[in-house]
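Peer 1: The opening position of the sequence shown corresponds to residue 23 in our numbering, with each subsequent residue numbered one higher.
All C-beta atoms, glycine included, are put in the ideal place defined by N, C-alpha and C.
Okay, here's the structure, questions in a sec.
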Amino acid sequence: MSDIDPKELKILSDILALVLEDQPGQSATALEALRNRAKRNATTGGALKNLFQTIAADPEKAKPARASKTRASSRASATKAQTDMSDTYRAQLQELRNNIVSLDRKLRSANAQNETLKSELYLTLQARAEMQAQMAQIQSLGQYQRRMTIELAPMPENAALPQSLHDALLQLLGPTGLLTTASDVDPFCIDWRALYHGKCAAVLRPANTEECAKAVALCQQHNVPMVPQGGNTSMVGGATPDNTGKAVVISTTRMTRIHDIDHADLTMTVEAGVTLKAAQDAAAKEGLLLPLSISSEGSADIGGILATNAGGNNTVRYGNARELALGLEAVMPDGNVLNLMRKLRKDNTGYALRQLLVGSEGTLGIITQAIIQLQPAPRSRETALCAVANAKGALDLFAAFRKQDPSAIQAFEFMSGTSMALVNKLIEGAPLPLSEPAPAYALVELGSPRADDSLRSLMEEVLGTALEDGLVTDAVLAESEAQRQSLWMIREEHAEAQKRAGASVKNDVSVPLAAIPTFIDEATKACEALIPGIRVAPFGHIGDGNIHFNLVQPEGADPKAFLAQDHAMMDTVAAIVRKLGGSFSAEHGVGQLKTYMMPSWRGGAELETMRRIKNALDPKNLMNPGKVFPAS
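Below, the structure is given as structure tokens:
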């Protein structure tokens with residue numbers, strides 16, 4: 023069977039006609055027509071994708087553009103490139119003719135098989151319909167059989183669950199919704215960083231809010247602690263059970279439905295177990311943008327993101343998860359369902375309970391659904407990686423862009439030279455796209471709903487001035503979506519590279535923007551004095567004051583010995599953060615890793631008020647115990 027998609031046949035026919043009917047002396051005209059046709063189809067995913075992208079690409083944009091030190095020299099280079107273009111066009115056209123001759127044979131074969139494909143598709147759909155009907159009958163029979171036999175299902179040996187609770191949960195959730203064997207539950211008991219290895223009596227996997235509510239009510243009746251868990255990507259052990267084995271993990275991984283995308287209100291109604299990446303893709307298919315973006319978006323799910331009030335790369339423009347959550351549904355610790363699913367931007371009817379649940383880290387309830395604010399998808403993006411001298415240079419560059427057009431800044435990221443070197447060394451396919459390493463880097467992305475050249479002009483203007491003034495020493499601009507993704511991949515792999523480099527201590531802190539250079543300088547010196555050879559590898563969202571001040575073990579050091587000093591390192595960094603008016607947790611939360619910091623940072627009336635809220639909603643302390651609050 024041909025590997026050419028039938029949808030592409032008409033496109034290829036048009037290209038063949040343009041090439042084969044070209045007359046001598048008209049190569050440039052034909053190639054231009056080819057390019058215009060191919061640009062409209064360069065994003066197709068079929069067998070001709072590479073051909074279309076080759077035709078559509080302008081020769082001078084085959085590589086990421088270097089930012090020039092003077093705008094005048096940029097214009098001179100562009101003029102010279104245009105002068106040499108005709109020879110390039112003729113050479114490309116001849117090469118394309120040769121390629122298309124061979125593709126023409128595939129075209130004829132595909133035409134012949136097109137009807138066969140249609141017939142096969144019809145048969146496939148017919149078979150699918152028959153299979154669905156059969157499965158419906160099987161499921162109906164299975165439900166009846168399960169009702170008749172569920173009480174006879176044996177409880178695993180050494181299980182911590184009471185037999186009556188085990189049977190009730192099995193009756194409610196079925197065998198796929200109740201996991202009890204060690205091989206099944208162990209992955210839910212280890213956090214992403216492998217810092218915490220807990221135990222649990224079972225993993226509950228409800229398929230919807232109703233099942234979740236009934237499961238919580240059953241656990242409440244039997245005084246069984248519950249640990250809500252989404253994608254299990256917490257950096258502070260926020261979704262990992264303790265080692266007593268008494269708790270159950272309640273996983274939202276089966277709650278993966280996207281119910282609605284509303285173009286009028288620009289909202290998405292989504293269940294808690296949908297990954298951020300899946301939600302982003304669903305919005306993109308509708309021409310919309312879910313603006314939240316984090317490194318773990320392929321695994322992290324909506325429920326966990328809201329429970330931790332995640333921020334990410336686009337906070338500087340769109341805000342944290344709290345700003346994007348219009349409505350929520352949650353199962354409270356007693357099993358009651360709190361329905362706050364309203365698409366209202368103005369609603370002054372009592373306390374803002376949804377804001378209480380966002381950022382509560384699963385200690386006040388389990389988020390099961392949410393209404394998320396969307397945005398029109400950017401039609402223009404400009405992305406650049408810039409080499410700077412230090413954090414102050416990155417901050418000054420941010421100020422330069424903000425002065426010109428603050429609304430255009432989509433993201434502004436900072437990366438230290440140490441952290442970048444780990445990425446370039448340890449992550450395959452992530453080389454440094456600049457001529458030489460630098461002490462620090464800034465990744466700038468501008469976005470606009472308008473499809474015009476104003477963003478490129480803005481990017482070139484600011485970077486041109488920065489290069490002339492010495493604020494930026496080198497820069498590369500993405501010339502395609504693939505190049506943009508490559509630049510972002512370099513940024514997103516910093517956490518993974520540090521994980522591969524050995525043990526590390528994460529400091530997810532925030533300080534006022536003006537204090538960022540002072541913080542990085544002082545914290546670096548303090549940590550290097552504390553542990554000789556330590557690799558200080560900060561990176562983060564400099565546009566909103568959030569720095570991941572991560573500390574990687576010295577090369578060749580013992581990981582356990584290094585991590586044994588984690589509190590000393592965190593306290594050293596935290597003391598500087600406190601002096602500068604910052605926070606010891608910007609977006610990762612408190613979890614169980616940093617509960618010991620809460621009394622000194624949020625003690626007195628603030629922590630006492632939090633405890634009273636917790637006690638009012640969860641008097642037995644069964645919902646995610648051991649998180650956020652230090653032991654009494």
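Verify whether the separation of the beta carbon atoms of Ala462 and Glu515 is less than 9 Å.
Peer 2: no
Peer 1: Once you ignore the five residues that flank Leu552 on each side, which residues in its own chain have a CB closer than 7 Å to its CB?
Peer 2: Result list for Leu552: Ala590, Met591, Thr594, in chain order.
Peer 1: In three-state DSSP terms, what is Val207?
Peer 2: helix
Peer 1: May I ask you to report which of helix, strand or coil DSSP gives Thr546?
Peer 2: DSSP places Thr546 in helix when its eight states are reduced to three.
Peer 1: Which of helix, strand or coil does DSSP assign to Cys408?
Peer 2: strand
Peer 1: Please report the residue range of the beta strand (DSSP E) in which Gln507 lies.
Peer 2: No beta strand (DSSP E) holds Gln507; the alpha helix (DSSP H) holding it covers 503-514.
Peer 1: Taking 9 Å as the CB-CB limit, is Asn529 close to chain B?
Peer 2: Note that chain B does not occur in the displayed structure, where there is just one protein chain.
Peer 1: Determine the burial state of Tyr340: buried for a count of at least 16 other Cβ atoms within 10 Å of its Cβ, exposed for fewer.
Peer 2: buried
Peer 1: Ordered along the chain, which non-local residues of its own chain (more than five positions away) have a Cβ less than 6 Å from that of Arg478?
Peer 2: Glu404
Peer 1: When the Cα of Ile327 is compared with those of Leu192, Gly381, Gly372, which residue comes out closest?
Peer 2: Gly381
Peer 1: Give the DSSP-derived three-state secondary structure of Ala519 in the structure shown.
Peer 2: helix
Peer 1: Excluding the five sequence neighbours on either side, which residues of its own chain have a C-beta within less than 7 Å of the C-beta of Pro647, listed in chain order?
Peer 2: Pro247
Peer 1: Please classify Tyr463: does DSSP put it in a helix, a strand, or coil?
Peer 2: strand
Peer 1: Shortest alpha-carbon distance to Leu311 belongs to which of Arg401, Glu232, Glu383, Ser273?
Peer 2: Arg401
Peer 1: Assuming contact is defined by CB atoms lying nearer than 9 Å, are Ala682 and Val574 in contact in what I supplied?
Peer 2: This structure gives no information on residue 682, because the portion of the chain shown stretches from 23 to 654.
Peer 1: Taking the CB atoms as reference points, tell me whether Ala182 and Gly252 lie closer together than 9 Å.
Peer 2: For Ala182 and Gly252, no; Cβs fall outside 9 Å.
Peer 1: Helix or strand or just coil, what does DSSP make of Ser526?
Peer 2: strand
Peer 1: Rounded to whole angstroms, what's the CA-CA distance from Gly349 to Glu383? Just pull it up for me.
Peer 2: When rounded, the distance between both Cα atoms is 17 Å.
Peer 1: When we look at the beta-carbon of Ala586 and count the other beta-carbons within 10 Å, is it buried (16 or more) or exposed?
Peer 2: exposed
Peer 1: Taking 6 Å as the limit between beta carbons, can you name the residues of its chain near Pro313, skipping five residues before and five after?
Peer 2: So the list reads Asn336, Tyr340, Gln397, once near-sequence residues are dropped.
Peer 1: What are the partner residues of Ala392, as DSSP defines its beta bridges?
Peer 2: Val292, Leu350
Peer 1: Alpha helix (DSSP H) containing Glu328: first to last residue?
Peer 2: The sequence shown places Leu at residue 328, not Glu. Unbroken alpha helix (DSSP H) run through Leu328: 324-329.
Peer 1: From Met290 to Arg376, what distance separates their C-alpha atoms?
Peer 2: 16 Å
Peer 1: Hey, out of Leu639, Gly604, Lys221, whose CA is closest to Trp623's CA?
Peer 2: Taking each of Leu639, Gly604, Lys221 in turn and checking the Cα distance to Trp623, the smallest one comes out for Gly604.
Peer 1: Using only CA atoms, which one of His188, Gly259, Thr495 lies nearest to Arg215?
Peer 2: Gly259
Peer 1: Please state the DSSP three-state secondary structure of Gln614.
Peer 2: coil
Peer 1: If you draw a straight line from the alpha carbon of Gly357 to that of Met645, how long is it in whole angstroms?
Peer 2: 11 Å
Peer 1: Hey, Asp213 and Asn254 are a contact pair by Cβ (cut 8 Å); roughly how many whole angstroms apart?
Peer 2: 7 Å
Peer 1: Which term fits Pro641, buried or exposed, when burial requires 16 or more other beta carbons within 10 angstroms of its beta carbon?
Peer 2: exposed
Peer 1: How big is the Cα-Cα spacing for Thr297 and Leu489?
Peer 2: 40 Å
Peer 1: Hey, how far is the Cα of His561 from the Cα of Ala261?
Peer 2: According to the sequence shown, residue 561 is Phe rather than His. Looking at the two C-alpha atoms, the distance is approximately 24 Å.
Peer 1: Name the two residues that bound the continuous beta strand (DSSP E) containing Met437.
Peer 2: 431-438
Peer 1: Along the beta strand (DSSP E) that carries Ile598, what are the first and last residues, could you check?
Peer 2: Per DSSP, Ile598 belongs to no beta strand (DSSP E); it is in the alpha helix (DSSP H), 588-601.
Peer 1: State the DSSP-derived secondary structure class of Asp189, mapped to helix, strand or coil.
Peer 2: helix
Peer 1: Determine the DSSP secondary structure at Asp284, reduced to helix, strand or coil.
Peer 2: Strand at Asp284.
Peer 1: How many Å lie between Arg600 and Lys649 at the Cα?
Peer 2: Distance between the alpha carbons of Arg600 and Lys649 is about 22 Å.
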